[in-house]
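Structure, as structure tokens:
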Amino acid sequence: MKPFAKKFYKTTAWKKCRSSYFAYRHGLCERCSEPGKIVHHKQYLTPDNINDPEITLSFNNLELLCQDCHNKEHHAIYGVIADGLMFDDSGDLVRREIE
Numbered sequence: 679m680k681p682f683a684k685k686f687y688k689t690t691a692w693k694k695c696r697s698s699y700f701a702y703r704h705g706l707c708e709r710c711s712e713p714g715k716i717v718h719h720k721q722y723l724t725p726d727n728i729n730d731p732e733i734t735l736s737f738n739n740l741e742l743l744c745q746d747c748h749n750k751e752h753h754a755i756y757g758v759i760a761d762g763l764m765f766d767d768s769g770d771l772v773r774r775e776i777e
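Residues 679 to 777, numbered by the working numbering, are exactly what the sequence shown covers, in order.
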């Protein structure tokens, strides 16, 4: 999560919105129908729009994704950063552990 968004993601408004959207989508990823995990903002949050509820809290700008689809979304936007890297459950880039 970006530093400018940390405060927003701790708000009661976001927590209620996230919970409601999760239930609205029956807990399933909108792309693959696996169990959803992340309520994703289709229009990414920026310092300029973080206070706009039409962007931050509108169901029209949300999508429930599983971790894999969320990772693919960010890889599609930013490209593959490097072999051996992945996004963790918080969306942070980390080194992939080799099994």
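Here a beta-carbon is modelled for each residue, glycine too, at the ideal position from N, C-alpha and C.
Which first and last residues belong to the alpha helix (DSSP H) in which residue i is found?
| i | result |
| --- | --- |
| ILE733 | 731 to 734 |
| PHE686 | 684 to 687 |
With a threshold of 16 other CB atoms inside 10 Å of the CB of residue i, please say whether the residue is buried or exposed.
| i | result |
| --- | --- |
| VAL758 | Here the model assigns VAL758 a pLDDT of 48, short of 50, so the residue's position is not dependable and the matter cannot be decided. |
| CYS710 | exposed |
| GLU712 | exposed |
| VAL717 | buried |
Please state whether DSSP places residue i in a helix, a strand or coil.
| i | result |
| --- | --- |
| GLU783 | Since the displayed the chain opens at 679 and closes at 777, residue 783 lies outside it and no answer follows. |
| HIS718 | strand |
| PRO681 | helix |
| ARG696 | helix |
| VAL758 | Note that VAL758 has pLDDT 48, beneath the 50 cutoff, so the model's placement of it is unreliable and no number is given. |
Tell me, which residues are paired with residue i by DSSP?
| i | result |
| --- | --- |
| LEU706 | PRO713 |
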